[in-house]
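Protein chains: 2
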Amino acid sequence: MEKADIAEAGIAYRLEDQVGFLLRLASQRHAAIFQKHAVEGLTPTQFSTLLRISEVGQVSQNQLGRLAAMDVATIKGVVDRLKDKGLVASKSDASDKRRSIILLTPAGTALIADLKRSGAVITHETLAPLTRAEQRSLVALLRKIT
Amino acid sequence: MEKADIAEAGIAYRLEDQVGFLLRLASQRHAAIFQKHAVEGLTPTQFSTLLRISEVGQVSQNQLGRLAAMDVATIKGVVDRLKDKGLVASKSDASDKRRSIILLTPAGTALIADLKRSGAVITHETLAPLTRAEQRSLVALLRKIT
DNA sequence: ATGCGATTGTTTGCACGCAAACGATAAGAG
DNA sequence: CTCTTATCGTTTGCGTGCAAACAATCGCAT
């Protein structure tokens, strides 16, 4: 009978219970916190991109996009804006004319330590409503659905 | 000594451990799943907007934006596109000339049941890597950081 | 050697998402 | 009644985010 009720009255579907909606809300809050603490006015994607380059030293643009979880079209725009800010540079790969190698400029390199510091603050503030155990749990769960 | 090591070697900061990065990844996967099951090519925001209207019947555009967690500029675009698709309509509020009231068209109303069904499928598939308990846990944690 | 499929990067088009500035209207204080 | 403040909707500008189509180059199989 309950099943029939649900079918007739319409499925009990509450937006605020759906992961997709909650993910959007959580991302919004995180973005706001990020912006508050952002170094040099960097966006979250620009931030991730810089960190990835610093991890690997040199990368082709497409490979960088994969490392930072960005579309080819998206990573291009991000890299272009980082170039405009003078934080990254590119050179052509001698052994593969298709590739353009992306690397940090001295200014970009000088920023990395700061970025990590503010990144830690941002993560901390985003997770502030949770206990330590909950924080670990959330991270683990998010990782699982990725 | 460990603290000093960390300070000297640079803070141990792994992108894949940061909530912000994980939220982006999870959102990406959810978006892909959403698109696969999307009714009428609706986007997640359009979907949420339609559901909110169906919950309240009639709303001013700004109020609708608040209900669906969207910026004034964003909700305008979403509503415009839903109008183009013939799913919502607007009329002016007699008692307040600033307001424009948004409501579902018959076509929009006819879609709601379908939307809820596919919404349930999308949520289910997004959470598939988790056990029931983990799913409840994730939703609860996301709600807390919102 | 060539020729075909895969990869690299670019461009276009559409859809959020937010800040900031704007004109119109409403509502409350004096 | 009028002045100030708040709210409503619009527009612009910038930054993701993804699909699709494209030219250039690579690399491998034949």
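These protein sequence lines map, in sequence, to chains Y and R. Residue numbers for the first sequence follow the working numbering, so the first one is 1 and each next one is one higher. Residue numbers for the second sequence follow the working numbering, so the first one is 1001 and each next one is one higher. Think of the CB as a built atom: it goes at the ideal place given N, C-alpha and C, for glycine as much as any other residue.
Checklist line | Chain-ordered residues of the region 120-144 of chain Y with a beta carbon less than 7 Å from chain R | finding: Ala120, Ile122, Thr123, Thr126, Leu127, Pro129, Leu130, Glu134, Ser137, Leu138, Val139, Leu141, Leu142, Arg143, Lys144
Check: Taking the alpha-carbon positions, what's the Gln1135 (chain R) to Leu1141 (chain R) distance?
Finding: As a position in the second sequence, residue 1135 (chain R) is number 135, starting the count at 1. As a position in the second sequence, residue 1141 (chain R) is number 141, starting the count at 1. One C-alpha to the other measures close to 10 Å.
Checklist line | As assigned by DSSP and simplified to three states, the class of Leu1142 (chain R) | finding: One-based indexing of the second sequence puts residue 1142 (chain R) at position 142. DSSP places Leu1142 (chain R) in helix when its eight states are reduced to three.
Notebook entry, point to check: Buried or exposed: where does His124 (chain Y) fall if 16 or more other Cβ atoms within 10 Å of its Cβ makes it buried?
Noted result: Here residue 124 (chain Y) refers to the residue found at position 124 when the first sequence is read from its first residue. Burial call: exposed.
Check: Among the residues of its own chain, which have a CB less than 8 Å from the CB of Ile1102 (chain R), if the five just before and after it don't count?
Finding: Mapped onto the second sequence, residue 1102 (chain R) falls at position 102. Closer than 8 Å at the Cβ level, and outside the excluded window around Ile1102 (chain R), lie Ile1053, Gln1058, Val1059, Ser1060, Gln1061, Leu1064, Val1079, Val1088, Ala1089, Ser1090.
Check: Can you find a C-beta in chain R that's less than 8 Å from the C-beta of Lys76 (chain Y)?
Finding: Within the first sequence, residue 76 (chain Y) is the residue found at index 76, counting from 1. Output row for Lys76 (chain Y): interface = no.
Margin query: Mapping the DSSP letters down to three states, classify Gln1169 (chain R) as helix, strand or coil.
Written below: Limits of chain R in this structure are 1001 at one end and 1146 at the other, which puts residue 1169 (chain R) out of reach.
Note to self: Threshold first: 3 residues or longer. Then list the beta strand (DSSP E) segments lying entirely within the region 1071-1109 of chain R, N to C.
What the structure shows: 1088-1092, 1100-1104
Next item on the list: Apply the 10 Å Cβ neighbour rule to Val19 (chain Y) and answer buried if 16 or more other Cβ atoms are within range, or exposed otherwise.
Entry: As a working note, residue 19 (chain Y) is residue 19 in the first sequence. Buried, by the Cβ-count rule.
Item checked: Cross-chain neighbours of Gln18 (chain Y) in chain R, by beta carbon under 7 Å -> Within the first sequence, numbered from 1, the residue matching residue 18 (chain Y) stands at position 18. Residues of chain R passing the Cβ test: Gly1119, Thr1123.
Margin query: Tell me which residue opens and which closes the beta strand (DSSP E) that Val19 (chain Y) is part of.
Written below: Your numbering for residue 19 (chain Y) matches position 19 in the first sequence. No beta strand (DSSP E) holds Val19 (chain Y); the alpha helix (DSSP H) holding it covers 19-37.
Check: What residue from Y:Leu82, Y:Ser27, Y:Arg81 has the CA that sits closest to Ile1145 (chain R)'s CA?
Finding: By 1-based counting over the second sequence, the position of residue 1145 (chain R) is 145. Out of Y:Leu82, Y:Ser27, Y:Arg81, Y:Ser27 has the C-alpha closest to the C-alpha of Ile1145 (chain R).
Margin query: Using a Cβ-Cβ cutoff of 9 Å, what residues of the region 25-48 of chain Y are near chain R? List them in chain order.
Written below: Leu25, Ala26, Ser27, Gln28, Arg29, His30, Ala31, Ile33, Phe34, Pro44, Thr45, Phe47, Ser48
Note to self: To the nearest angstrom, how far is the alpha carbon of Met1 (chain Y) from that of Met1070 (chain R)?
What the structure shows: Taking the first sequence and counting its residues from 1, the one referred to as residue 1 (chain Y) is at position 1. Taking the second sequence and counting its residues from 1, the one referred to as residue 1070 (chain R) is at position 70. Note that Met1 (chain Y) has pLDDT 49, beneath the 50 cutoff, so the model's placement of it is unreliable and the number below is only indicative. Looking at the two C-alpha atoms, the distance is approximately 38 Å.
Next item on the list: Consult DSSP for Gln1063 (chain R) and reduce its assignment to one of helix, strand or coil.
Entry: The sequence position of residue 1063 (chain R) within the second sequence is 63, counting from 1. Here Gln1063 (chain R) sits in helix by DSSP.
Check: How about Thr146 (chain Y): is its C-beta nearer than 8 Å to some C-beta of chain R?
Finding: Against the first sequence, residue 146 (chain Y) aligns to sequence position 146. It does: the Cβ of Thr146 (chain Y) has a partner Cβ on chain R nearer than 8 Å.
Next item on the list: Have a look at the DSSP bridge pairing and note the partners of Gln1058 (chain R).
Entry: Indexing the second sequence from 1 puts residue 1058 (chain R) at position 58. Its beta-bridge partners are R:Leu1103.
Next item on the list: Could you work out which residue in R:Ser1092, R:Gln1035, R:Gly1086 is closest to Ser1100 (chain R) when comparing CA atoms only?
Entry: Along the second sequence, one-based indexing puts residue 1100 (chain R) at 100. Nearest option by C-alpha distance: R:Ser1092.
Next item on the list: Determine the chain R residues that contact Arg52 (chain Y) at a beta-carbon separation under 8 Å, and present them in chain order.
Entry: Taking the first residue of the first sequence as 1, we reach residue 52 (chain Y) at position 52. Near Arg52 (chain Y) (Cβ distances below 8 Å), the residues of chain R are Leu1015.
Notebook entry, point to check: Tell me which same chain residues have a C-beta within less than 6 Å of the C-beta of Leu1127 (chain R), skipping the five on either side of it?
Noted result: Numbered from 1 along the second sequence, position 127 holds the residue referred to as residue 1127 (chain R). Excluding positions up to five away in sequence, the list reads Gln1135.
Check: Expressed to the nearest angstrom, what Euclidean distance is found between the alpha-carbon atoms of Lys1097 (chain R) and Lys1083 (chain R)?
Finding: For the purposes of this step, residue 1097 (chain R) is identified with residue 97 of the second sequence, where counting begins at 1. For the purposes of this step, residue 1083 (chain R) is identified with residue 83 of the second sequence, where counting begins at 1. Cα to Cα, Lys1097 (chain R) sits roughly 20 Å from Lys1083 (chain R).
Next item on the list: Could you check how far apart the C-beta atoms of Gly1086 (chain R) and Thr1105 (chain R) are, in whole angstroms? I think they sit under 8 Å.
Entry: On the second sequence, position 86 is the one that residue 1086 (chain R) refers to. On the second sequence, position 105 is the one that residue 1105 (chain R) refers to. 6 Å between Cβ atoms; contact.
Notebook entry, point to check: Using 8 Å as the limit for Cβ to Cβ distance, is Leu104 (chain Y) near chain R?
Noted result: Working through the first sequence from its first residue, we reach residue 104 (chain Y) at position 104. Taking Cβ atoms only, chain R never reaches closer than 8 Å to Leu104 (chain Y), which makes this a no.
Notebook entry, point to check: Which residues in chain Y sit within 9 Å of Ala1069 (chain R), going by Cβ to Cβ distance?
Noted result: As a position in the second sequence, residue 1069 (chain R) is number 69, starting the count at 1. Within 9 Å Cβ-Cβ: Phe21, Arg24, Leu25, Gln28.
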